[in-house]
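Take a look at the structure set out below.
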Amino acid sequence: MPTSCSRPKETSFFINTLLLGQPRSAADEGQAMENEIAQQTIARIQKSLANKIKREPIHDTLSVLDAKGQVPSLTIVLVQEIDRFNIALGIIHDSLVNLSKAIKGLVVMSEELENVFKALLSNQVPASWAKRSFLSIKPLPSYISDFQRRIDFIQQWAENGAPRSYWISGFFFPQSFLTGVLQTYARRRVLPIDSLKIDFDVFERELVQQDFFEMHTNNMSDQKLYGNLPECTDAVINVHGIFIEAARWDLSKGGLCDANFGELFSRMPVVRFKPCLEISSTVRYEAPLYKTQQRSGVLSTTGHSTNFILAVLLRSHNDPEFWIMRGTALVSAVLENIC
1 MPTSCSRPKE
11 TSFFINTLLL
21 GQPRSAADEG
31 QAMENEIAQQ
41 TIARIQKSLA
51 NKIKREPIHD
61 TLSVLDAKGQ
71 VPSLTIVLVQ
81 EIDRFNIALG
91 IIHDSLVNLS
101 KAIKGLVVMS
111 EELENVFKAL
121 LSNQVPASWA
131 KRSFLSIKPL
141 PSYISDFQRR
151 IDFIQQWAEN
161 GAPRSYWISG
171 FFFPQSFLTG
181 VLQTYARRRV
191 LPIDSLKIDF
201 DVFERELVQQ
211 DFFEMHTNNM
221 SDQKLYGNLP
231 ECTDAVINVH
241 GIFIEAARWD
251 LSKGGLCDAN
261 FGELFSRMPV
271 VRFKPCLEIS
281 STVRYEAPLY
291 KTQQRSGVLS
301 TTGHSTNFIL
311 AVLLRSHNDP
321 EFWIMRGTAL
331 VSAVLENIC
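Residues 1 to 339 in full-length UniProt numbering are what the sequence shown lists, from first letter to last.
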């Protein structure tokens, strides 16, 4: 090959070598570091969250039709919950795949992907995820852990049948779950659903969803965690995952009492929800139950906040006004990564 032909290639080679040897600017190094952090976060989330919750096979007890050939109300609730979670999971995984490609330069970094990128770097839940997700005010790491437990709760219900206690924090829409409970009771007794109310009893036993998650992760039975907790029926259901703000539950006296010093939230024992036509006239505090401790939300057609679930009647040695003045309320999810 003539020498004149090889010189441009040699010149180009030496220039590129010199450029590679130059110190990178602080901005370039910072961007590379951010890209690496984002890719690591993407990998962790992809590993932590299942791609979808399986709808089939569903446990035999959940598909037994009633006398009128109707699918059980709570099975319908379960299937709807699976669909909602799967939509959210699809959005999350699609955005993570596309963001990873955009960071590598394989696809265009759109404005939406840029927003996801920034959210991951600041440990916040991206707005595009939150829009189609369950209501949450948790930072990203706690949100992902919470999502894992929710997936496990729903998947276990589908595979093993109805639990002895329902983790109310694990529902996408707990209001639809309560409607399903009332509908089950109404169907069995041929009553109009709008004539029903819900009364409450509080057990002495506390249940922690993290314990169930760990048992399931290790392929162990969770039955011993329930202890002597009675089974749910078409007339009553057990619920756990509720926290009290600005008070606590006194197990020895069976009622509300002052919170311990420095304690903002305390865990509520298992609560039994009992559909009925009439509620006992005992004076109790109507504690509002919210999805998150933020309490605020969009007003629904009923005039209630979308954050509001229902009012739970709780016994107390103090007048209801005492707890109203303190702003005592119940929440199903708190900012801390506890469940």
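Where a beta carbon is used, it is the ideal one built from N, C-alpha and C, also for glycine.
What you are looking at is a predicted structure, and each value in this text was computed from that prediction instead of being measured.
Just to confirm the assignment, what range does the beta strand (DSSP E) spanning residue i have?
i    : result
T288 : The sequence given here places Pro at residue 288; Thr does not occur at that position. Start and end: Y285 to Y290.
K131 : From DSSP, K131 is part of no beta strand (DSSP E); its letter is neither H nor E.
D199 : K197 to V202
K275 : The question names Lys, yet the displayed sequence has Pro at residue 275. Looking at the DSSP string, the run of the beta strand (DSSP E) that includes P275 is V271 to C276.
I309 : F308 to L314
G255 : G255 to C257
A329 : A329 to V331
From the DSSP output, which residues share a beta bridge with residue i?
i    : result
A246 : Beta-bridge pairing links A246 to no other residue.
S266 : I244
I168 : Note: I168 sits in no beta bridge, so no partner.
N35  : Answer by DSSP bridge pairing: none, since N35 is not bridged.
I237 : F273
S48  : S48 pairs with nothing; no bridge assigned.
Measure the Cβ-Cβ separation of residue i and residue j and say whether it is below 9 Å.
i           : j    : result
V271        : F200 : yes
I42         : S100 : yes
L74         : A162 : yes
V312        : L289 : yes
H240        : D152 : no
I77         : S195 : For the sequence presented, residue 77 should be read as Val rather than Ile. It is not a contact, given that the beta carbons lie outside the stated cut-off.
L178        : I193 : no
L49         : F147 : yes
A38         : L120 : yes
A235        : P275 : yes
residue 359 : R187 : Nothing about residue 359 can be reported from this structure: the residues present for the chain run from 1 to 339 only.
S95         : P126 : yes
E214        : L251 : no
Quick check on the burial criterion: 16 or more other C-beta atoms within 10 angstroms. Buried or exposed for residue i?
i           : result
G327        : exposed
M220        : exposed
residue 342 : Residue coverage of the chain in this structure runs from 1 to 339, which leaves residue 342 outside it and unanswerable.
I309        : buried
N307        : buried
V331        : buried
Q210        : exposed
M33         : exposed
D60         : exposed
A72         : Reading the sequence as shown, one finds Pro at residue 72 and not Ala. Burial call: buried.
N238        : buried
residue 343 : Examination of residue 343 is not possible in this model, given that the chain is present from 1 through 339 alone.
L207        : buried
G170        : buried
What span of residues does the alpha helix (DSSP H) with residue i cover, start to end?
i    : result
L140 : L140 to N160
R188 : P174 to R189
L225 : Q223 to Y226
P320 : P320 to R326
H216 : Q209 to T217
Contiguous alpha helix (DSSP H) assignments of at least 4 residues, all confined to the region 85-124:
The region 85-124 contains these whole alpha helix (DSSP H) runs: 111-121.
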